[in-house]
Amino acid sequence: MKLTILSFLFIAACASTPSETQIADKIAAQKDVADSSTLLTKVHTTIDQAQTLQPEQRSYIKSLVAEIKEKNAKLTEDGFKVRSLLIGQLVAKSRDQKEIAATKAQIIEIERKKVQNSFLLFDKIEEYMGNDEERNNTIRAAFELMNERGAVNRN
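Listed below in structure tokens is the structure:
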């Protein structure tokens, strides 16, 4: 029975994907990262010690990190203000549920933007380091293998 393109790519991705346990173990090993300050120190140390980076690459990646750090610092400050407002709304004598819901939604939006900024950083670094090309080559190789096995329907 022929594999469909999607099922083949799914199988290929699963075969090379680390398990949740492996990832959890690696996260647990990051004992020296407890807050944004220690995270930034760890990020800079990692960049400085990366054998694969040239000085200009280190500088560029650090500039990306600084840019996102600045954006997320402002969002974090805004988040603290909104949380403070929400606590006041929750303990007030008369609570406006619509206002409370809107305030909670604003906290969610701030956190969404912070996560989005972080992934923008990751994507920029990955693109800069050339992993898009590697991903494209992997997909191309998967299609070629499927074609050799007759799994690609050309109709």
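Counting in my numbering, the sequence shown runs from 1 upward without gaps.
The C-beta atom is built at its ideal place from N, Cα and C for all residues, glycine as well.
Given the structure is predicted, the values throughout are model-derived calculations rather than measurements.
Classify residue 32 as helix, strand or coil using the three-state DSSP reduction.
-> coil
If you drop the 5 nearest sequence neighbours on each side, which residues of the same chain put their C-beta closer than 6 angstroms to that of residue 20?
-> none
Would residue 114 be called buried (16 or more neighbouring beta carbons within 10 Å of its own) or exposed?
-> buried
Around the Cβ of residue 121, are there at least 16 other Cβ atoms within 10 angstroms (buried) or fewer (exposed)?
-> buried
Between the C-alpha atoms of residue 36 and residue 74, what's the straight-line distance to the nearest angstrom?
-> 13 angstroms
Do three or more CB pairs link the region 33-49 to the region 60-72 at distances below 8 angstroms?
-> yes
Report the rounded CA-to-CA distance for residue 104 versus residue 40, giving the unit in angstroms.
-> 28 angstroms
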